[in-house]
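Each residue of the sequence shown is one higher than the one before, starting from 12 at the first, in the numbering used here.
Virtual Cβ for every residue (Gly too), placed ideally from N, Cα, C.
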Amino acid sequence: MSAITLLILAAGMGSRYGGMKQLDELGPNGETIMDYSVDDAIAAGFTKVVFVIRKSMQEAFTLQILSKYKHKIACECVYQELDALPKGFQNHPEREKPYGTAHAILVAKDAIKEPFAVINADDFYSRKAFVAMADFLRQPISCDKPLFAMIGYQLKNTLSEHGTVARGVCQTNENKELVSITEMTKIQREKNLIYNMDEKGRIKLTGEEPVSMNFWGFTPYFFSFLNELFIDFLKENNSNPKSEFPIPTAINYFITNDLATIKIIDCDAEWFGVTYQADKVWVMEKLALIHIADLFHNKS
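Shown next as structure tokens:
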């Protein structure tokens, strides 16, 4: 079986959640959401897991996460630090948060030489999604334009009842290929309406839009342009200590310059995650139901 890697973005600070949600034990037996993702990835045939963390998390992460999996699958950690910058750049002295999800992928470039998937540490994607992505990644790599992929979820199924969320809202063509992705950072449901609030005011959404929950499939070719894009980002934005370099910025570059085709994988998998502390009880209930269903399935 060909080698495929899962890259888990776990360096986020959880400012809206109020702590390191990636290490929060939410399952009925003390599982983190990451535990479900790693188990599902192993079942789907992934052969390696690379975790993006901060060095300050290393001790807790090794004890709580790596110790569970070092005998089940190859594991490696890479570090997303504020000073992980190209030569000639320094981080803004007032910056507190990491540079964003595309930067998190970039710090893993030396650890990944095979097709790989990218997920968030604090999102539950379901085994169906991992199987669909593993099947995609095992396809022969084309010698022509690279083919990437994204697991698509409906916007209305990805909202929080406890505040705004950030989503990459996607536009596709008739071939289920990504045409553009717009990062909307303040989406919420109000009664029967869904909208995003930006500097221009409210933008109404239907809820049927396919959105990115940061479950991507790439070849190592993706790294080839990422460093240059990050340099361009720093030249334009490093004076803003809150600026971020998200995955949609890189994806739009590949689309605009016709450097890759991004396939949207329709999957009826269930998604849920923790953005706010108020989401915690709901997520724990969902994981408990999954645990009960698995017990019933194993007995039958």
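>> Rounding to the nearest angstrom, what Cα-Cα distance links Val63 and Ile266 in this structure?
In response: 26 Å
> Which residue or residues does DSSP assign as beta-bridge partners of Lys274?
Replying inline: Ala160, Glu188
> Can Val190 and Thr183 be called in contact, C-beta distance under 7 Å?
Replying inline: Val190 places its beta carbon less than 7 Å from that of Thr183.
> Would Asn268 be called buried (16 or more neighbouring beta carbons within 10 Å of its own) or exposed?
Replying inline: With a 10 Å radius around the Cβ and a threshold of 16 neighbouring Cβ atoms, Asn268 comes out exposed.
> With 16 as the cutoff for other CB atoms within 10 Å, does Ile275 come out buried or exposed?
Replying inline: Ile275 comes out buried.
> Would a C-beta distance cut-off of 7 Å place Met45 and Ala132 closer than the cut-off?
Replying inline: yes
>> Closest to Asp94 by C-alpha separation, out of Pro109, Ile84, Cys88, would be which residue?
In response: Closest option to Asp94, Cα to Cα, is Pro109.
> Taking Cβ positions, are Phe256 and His103 nearer each other than 7 Å?
Replying inline: No. Outside cutoff.
> Under the three-state reduction of DSSP, which class applies to Asn248: helix, strand or coil?
Replying inline: helix
> Is Leu300 helix, strand or coil by DSSP?
Replying inline: helix
>> What would DSSP say about Thr193, mapped onto helix, strand or coil?
In response: In the structure shown, the three-state DSSP call for Thr193 is strand.
>> Below 8 Å, how does it come out for the segment 291 to 306 and the segment 156 to 169: are there three or more Cβ pairs, yes or no?
In response: no
>> Which same chain residues end up closer than 6 Å to Phe234 when comparing Cβ atoms and leaving out the 5 residues on each side of it in sequence?
In response: Closer than 6 Å at Cβ, skipping near neighbours: Lys120.
>> Please report the straight-line C-alpha distance between Lys167 and Trp293, rounded to a whole angstrom.
In response: When rounded, the distance between both Cα atoms is 17 Å.
>> So, with DSSP's three-state summary, where would you put Lys215?
In response: strand
> When you compare only the Cα positions, how much space is there between Gly179 and Gly212?
Replying inline: 18 Å
>> Give the list of continuous alpha helix (DSSP H) stretches no shorter than 4 residues that lie fully inside the segment 18 to 93.
In response: Listed in chain order, the alpha helix (DSSP H) runs fully inside the segment 18 to 93 are 44 to 55, 69 to 72, counting runs of at least 4 residues.
> So, is Ala160 buried or exposed, given that buried needs 16 or more other C-beta atoms within 10 angstroms?
Replying inline: buried
>> Quick check on the DSSP output: the alpha helix (DSSP H) that includes Ala113 runs from which residue to which?
In response: Boundaries of the alpha helix (DSSP H) around Ala113: 112 to 117.
> Expressed to the nearest angstrom, what Euclidean distance is found between the alpha-carbon atoms of Asn207 and Lys83?
Replying inline: 42 Å
>> I'd like the list of long-range same chain contacts for Met295, defined as Cβ closer than 6 Å, with 5 residues on each side in sequence excluded.
In response: Once the five neighbours on either side are set aside, the close Cβ partners of Met295 are Leu37.
>> Taking only three categories from DSSP, how would you classify Ile242?
In response: In the three-state scheme derived from DSSP, where H, G and I count as helix and E and B as strand, Ile242 is classed as helix.
>> In the DSSP output, what is Asp209 paired with across the bridge?
In response: According to DSSP, Asp209 bridges with Gly212.
> Thinking C-alpha only, which one of Trp227, Ala55, Asp35, Glu239 is nearest Val142?
Replying inline: If we check each option's Cα against that of Val142, Ala55 comes out closest.
>> Residues in the same chain with beta-carbon distance under 8 Å from Pro97, minus the five sequence neighbours each way, listed in chain order, please.
In response: Asn238, Phe241, Ile242, Leu245
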